[in-house]
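Colleague: Below you'll find the structure I mean.
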Amino acid sequence: MKEDFSNYINTNVFKAISTQTSALNTESYVIGGYVRDLLLERPSKDIDVVTTGDGIELAKNVAKALNPKLKVNYFKNFGTAQFKYKGIDLEFVGARKESYNRDSRKPVVEDGTIEDDQNRRDFTINAMAISLNEHNYGALIDPFGGRNDLESQIIRTPLNPDITFDDDPLRMMRGIRFATQLGFHIEDETLTAIKRNRKRISIVSKERIVDELNKIMMSSKPSIGFILLDRTGLLELILPEISALKGVNIVNGVGHKDNFLHTLKVLDRVVEHTDNLWLRWAALLHDVAKPQTKKYIEGQGWTFHGHNYIGSKMIPRIFRRIKLPLNEKMKFVQKIVNLHMRPIVLSEEEVSDSAVRRMLFEAGDDIDDLMTLCEADITSKNETKVKQYLANFRLVRQKLKEIEEKDAVRNFQPPVKGEDIMEIFGLKPCREVGDIKNSIKEAILDGVIHNNYDEAYSYMLEKAKEMGLKPLK
Ligand code: ATP
Ligand code: MG
18 MKEDFSNYIN
28 TNVFKAISTQ
38 TSALNTESYV
48 IGGYVRDLLL
58 ERPSKDIDVV
68 TTGDGIELAK
78 NVAKALNPKL
88 KVNYFKNFGT
98 AQFKYKGIDL
108 EFVGARKESY
118 NRDSRKPVVE
128 DGTIEDDQNR
138 RDFTINAMAI
148 SLNEHNYGAL
158 IDPFGGRNDL
168 ESQIIRTPLN
178 PDITFDDDPL
188 RMMRGIRFAT
198 QLGFHIEDET
208 LTAIKRNRKR
218 ISIVSKERIV
228 DELNKIMMSS
238 KPSIGFILLD
248 RTGLLELILP
258 EISALKGVNI
268 VNGVGHKDNF
278 LHTLKVLDRV
288 VEHTDNLWLR
298 WAALLHDVAK
308 PQTKKYIEGQ
318 GWTFHGHNYI
328 GSKMIPRIFR
338 RIKLPLNEKM
348 KFVQKIVNLH
358 MRPIVLSEEE
368 VSDSAVRRML
378 FEAGDDIDDL
388 MTLCEADITS
398 KNETKVKQYL
408 ANFRLVRQKL
418 KEIEEKDAVR
428 NFQPPVKGED
438 IMEIFGLKPC
448 REVGDIKNSI
458 KEAILDGVIH
468 NNYDEAYSYM
478 LEKAKEMGLK
488 PLK
């Protein structure tokens with residue numbers, strides 16, 4: 018029995034496509050992600066239309082019918098056309114049949130039928146089409162049981178998964194990404210085929226891989242994706258540093274926690290509190306140097322001395338390799354990774370004003386992000402310990418607020434500048450100027466003086482005197 022989805026596509030856009038399709042005496046279908054998201058009742062702004070006729074001609078006619086002023090972009094070589102209408106992105110393409118070379122993701126393309134076009138799709142849930150033809154408008158064309166798989170929440174390739182992944186290995190990443198975004202299960206045959214074909218990922222561009230990683234990162238539970246990447250062996254190929262976090266060493270019966278599982282827990286918890294992709298990356302990478310710094314010390318147990326600092330130094334190499342931007346976003350990730358132990362160390366001791374002030378000075382505007390990561394980083398199973406940490410964090414946050422109100426050291430600007438010092442004492446740029454400036458900064462951070470001009474000025478005179486310097490006037 019054919020099901021009728023005409024009420025789902027009851028809009029002037031789809032009706033215009035239908036009318037123009039008839040006028041050209043061809044066929045057209047809405048296909049792929051849009052149909053999947055429609056059935057999942059997920060909002061979607063991209064509409065892909067496949068026609069057995071000329072995609073460019075159809076797009077031009079539809080655009081003209083909707084609004085003669087619409088501008089259509091098209092690529093003659095690919096036979097695709099695209100335009101935007103009321104915030105919706107519409108793409109038109111002729112139905113195609115594909116065949117692949119071993120060394121490239123780029124297929125050889127020829128005209129095909131709607132079945133040919135569905136055969137080249139990556140997953141059953143992405144291969145459904147809804148007819149826009151007048152004679153069966155709204156009929157679901159679902160040759161591979163995509164609708165069933167949507168209901169059973171299964172990711173599966175329409176054809177032999179080994180061929181599907183060998184043809185275009187990006188599909189392995191897409192499959193894991195869909196499983197993560199939708200919380201779906203990757204069917205066994207499909208999953209083992211990813212395992213078998215994992216090395217084919219080498220022909221996929223870094224940019225496409227990192228796009229998928231970022232989509233996994235922006236999902237509501239990225240750990241699903243990283244566990245699948247690990248189980249299929251892709252993680253070791255893409256992010257060996259994260260793969261190296263796996264496992265537990267035991268010395269004298271003392272083990273440390275599995276840092277891979279810990280990292281994923283922290284990542285999922287950070288995700289609950291931020292949409293910032295880069296803070297999410299900082300969470301993934303916060304313990305990245307633990308394998309290198311791991312050491313068992315008699316009487317202390319397992320230590321990871323300096324892992325925050327060494328981790329922050331590893332980040333540029335990782336970002337460069339996987340083609341993440343080498344800009345202020347990376348610097349932010351480095352900074353958070355470097356500082357990620359500060360709040361916890363603070364909360365272990367008596368929370369002193371000057372320690373909080375120093376942390377605020379170093380973190381600047383990123384202080385809230387740093388606190389978010391640190392709170393997520395507490396994954397101990399010992400409830401008393403967790404309670405105590407969280408209580409201390411509240412105290413740290415409270416102190417942060419008080420100190421910020423009092424001293425405004427968040428974006429510290431010295432109240433007495435180097436030029437002032439040079440002018441007052443008649444000095445050229447020299448070490449003494451730097452020393453005085455620095456001692457003023459230290460005094461403010463230690464709470465010896467407040468962050469204002471008058472106190473800094475008096476303090477400067479005092480310090481200068483100790484150094485044997487006299488003001489000119
Ligand atoms: P999203 O838009 O959320 O990334 P999507 O499934 O819509 O998901 P698109 O990249 O927009 O992904 O692609 C649209 C459709 O094109 C897919 O649903 C799928 O049918 C097909 N498709 C995209 N990429 C591939 C691929 N690498 N191999 C096979 N089919 C693909
Ligand atoms: Mg899409």
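Sequential numbering from 18 applies to the sequence shown in our numbering. In this text, a Cβ means the ideal position worked out from N, Cα and C, and glycines have one as well.
Reducing DSSP to helix, strand and coil, say where threonine 389 ends up.
Modeller: Helix at threonine 389.
Colleague: Using a Cβ-Cβ cutoff of less than 7 Å, which residues in the same chain neighbour methionine 18 once the five nearest sequence positions on both sides are dropped?
Modeller: Legend: pLDDT at methionine 18 = 40, less than 50; position of this residue unreliable, value from coordinates given subsequently. Same-chain partners within the cutoff: there are none.
Colleague: Report the rounded CA-to-CA distance for arginine 191 versus alanine 210, giving the unit in angstroms.
Modeller: About 14 Å.
Colleague: Classify methionine 18 as helix, strand or coil using the three-state DSSP reduction.
Modeller: Because the pLDDT at methionine 18 is just 40, under 50, the model does not fix this residue reliably, and the value given afterwards should be weighed accordingly. Methionine 18 falls in the coil class under three-state DSSP.
Colleague: Nearer than 7 Å: is that true of the beta carbon of leucine 187 relative to any heavy atom of ligand 1?
Modeller: True, at least one ligand heavy atom lies under 7 Å from that Cβ.
Colleague: Closer than 7 Å by C-beta to tyrosine 476: which residues in its own chain qualify, once you throw out the five before and the five after it? Chain order, please.
Modeller: Correct list, in chain order: Ile457, Ala460, Ile466.
Colleague: If you check the beta carbons only, do glycine 163 and methionine 145 fall under 8 Å apart?
Modeller: Their beta carbons are under 8 Å apart, which means glycine 163 touches methionine 145 by this criterion.
Colleague: CB leucine 245 to CB isoleucine 203, shorter than 8 Å?
Modeller: The answer is yes: Cβ separation under 8 Å.
Colleague: On a Cα-Cα basis, can you pick out the residue from Lys263, Leu56, Val271 that is closest to glutamate 165?
Modeller: The sequence as given places asparagine at residue 165; glutamate does not occur at that position. Comparing Cα positions, the closest option is Leu56.
Colleague: Using the beta-carbon count (16 or more within 10 Å), is glycine 323 buried or exposed?
Modeller: Exposed.
Colleague: May I have the straight-line CA-CA distance separating asparagine 344 from tyrosine 406, to the nearest angstrom?
Modeller: Near 34 Å, if we compare the C-alpha coordinates of tyrosine 406 and asparagine 344.
Colleague: Apart from the five residues just before and just after arginine 359, which ones in its own chain have a Cβ nearer than 6 Å to its Cβ?
Modeller: Excluding sequence neighbours, arginine 359 sits near Met376.
Colleague: State yes or no: is the C-beta of aspartate 134 within less than 8 Å of the C-beta of arginine 119?
Modeller: Cβ atoms of aspartate 134 and arginine 119: not closer than 8 Å.
Colleague: For glutamine 37 and valine 126, what's the separation of their Cα atoms in angstroms?
Modeller: One C-alpha to the other measures close to 25 Å.
Colleague: If you count every other CB in all the chains shown that lies within 10 Å of the CB of isoleucine 267, and 16 or more means buried, which is it?
Modeller: Result: exposed.
Colleague: Over what stretch of residues does the beta strand (DSSP E) that includes arginine 191 continue unbroken?
Modeller: Where arginine 191 is concerned, there is no enclosing beta strand (DSSP E), although the alpha helix (DSSP H) it sits in stretches over 187-199.
Colleague: Kindly provide the ranges of any alpha helix (DSSP H) runs that are 4 or more residues long and lie completely inside the stretch 338-374, ordered along the chain.
Modeller: Runs of the alpha helix (DSSP H) inside the stretch 338-374: 345-356, 359-365.
Colleague: Touching or not, the stretch 59-77 and the stretch 98-108, by the rule of three or more beta carbon pairs under 8 Å?
Modeller: Yes, the stretch 59-77 is in contact with the stretch 98-108.
Colleague: Taking three-plus beta-carbon pairs below 8 Å as touching, is the stretch 368-385 in contact with the stretch 414-430?
Modeller: Counting Cβ pairs under 8 Å, three or more are found: they touch.
Colleague: For glutamate 449 versus leucine 486, is the C-beta spacing smaller than 8 Å?
Modeller: Contact flag set, yes.
Colleague: Closest by CA to proline 175, which one among Lys404, Val227, Glu436, Asn136?
Modeller: Checking every option, the nearest Cα to that of proline 175 belongs to Asn136.
Colleague: Short of 6 Å in beta carbon distance, which residues of its chain neighbour glycine 272, apart from the five on each side in sequence? Order them along the chain.
Modeller: Once the five neighbours on either side are set aside, the close Cβ partners of glycine 272 are Val265.
Colleague: So, are the CB atoms of tyrosine 46 and isoleucine 142 less than 8 Å apart?
Modeller: No; because the gap between Cβ atoms is not below 8 Å, this pair is not in contact.
Colleague: What three-state label does DSSP hand isoleucine 142 in the structure shown?
Modeller: It is helical.
Colleague: Taking 8 Å as the cut-off, does the stretch 330-350 touch the stretch 251-265 (at least 3 CB pairs, one atom from each stretch)?
Modeller: Contact holds: three or more Cβ-Cβ distances are below 8 Å.
Colleague: Using alpha carbons as the reference points, say which of Lys352, Glu436, Thr69 lies closest to threonine 43.
Modeller: The shortest Cα separation from threonine 43 among Lys352, Glu436, Thr69 belongs to Thr69.
Colleague: Write down every uninterrupted run of the beta strand (DSSP E) in the stretch 46-77 whose length is 3 residues or greater and which is fully enclosed by it, in chain order.
Modeller: The qualifying runs are 63-68.
Colleague: Considering only residues of the same chain and omitting the five flanking positions on each side of tyrosine 25, which have a CB-CB separation below 6 Å?
Modeller: Result list for tyrosine 25: Leu55, in chain order.
Colleague: Should glutamate 229 be labelled buried (16 or more other beta-carbon atoms within 10 Å of its own) or exposed?
Modeller: So glutamate 229 ends up on the buried side.
Colleague: Buried or exposed: which applies to valine 52, given that a residue is buried once 16 or more other Cβ atoms fall within 10 Å of its Cβ?
Modeller: Buried.
Colleague: Quick one: Cα of lysine 77 to Cα of glutamate 151, how far?
Modeller: The straight-line gap from Cα to Cα measures roughly 19 Å.
Colleague: Report yes or no: do three or more beta-carbon pairs, one from the stretch 294-313 and one from the stretch 211-226, lie closer than 8 Å?
Modeller: Result no; under three Cβ-Cβ pairs closer than 8 Å.
Colleague: Would you mind giving the Cβ-Cβ distance between leucine 296 and threonine 389, rounded to the nearest angstrom? I have them listed as a contact below 8 Å.
Modeller: Yes, leucine 296 and threonine 389 are in contact; Cβ-Cβ is about 7 Å, under 8 Å.
Colleague: Alpha carbon to alpha carbon, how far is glycine 242 from glutamine 198? Give it in angstroms, no decimals.
Modeller: So the alpha carbons of these two residues sit roughly 9 Å apart.
Colleague: Return helix, strand or coil for valine 110, following the three-state DSSP convention.
Modeller: Three-state DSSP puts valine 110 in a strand.
Colleague: Bridge partners for glutamate 127 per DSSP, in chain order?
Modeller: Paired residues: Lys114.
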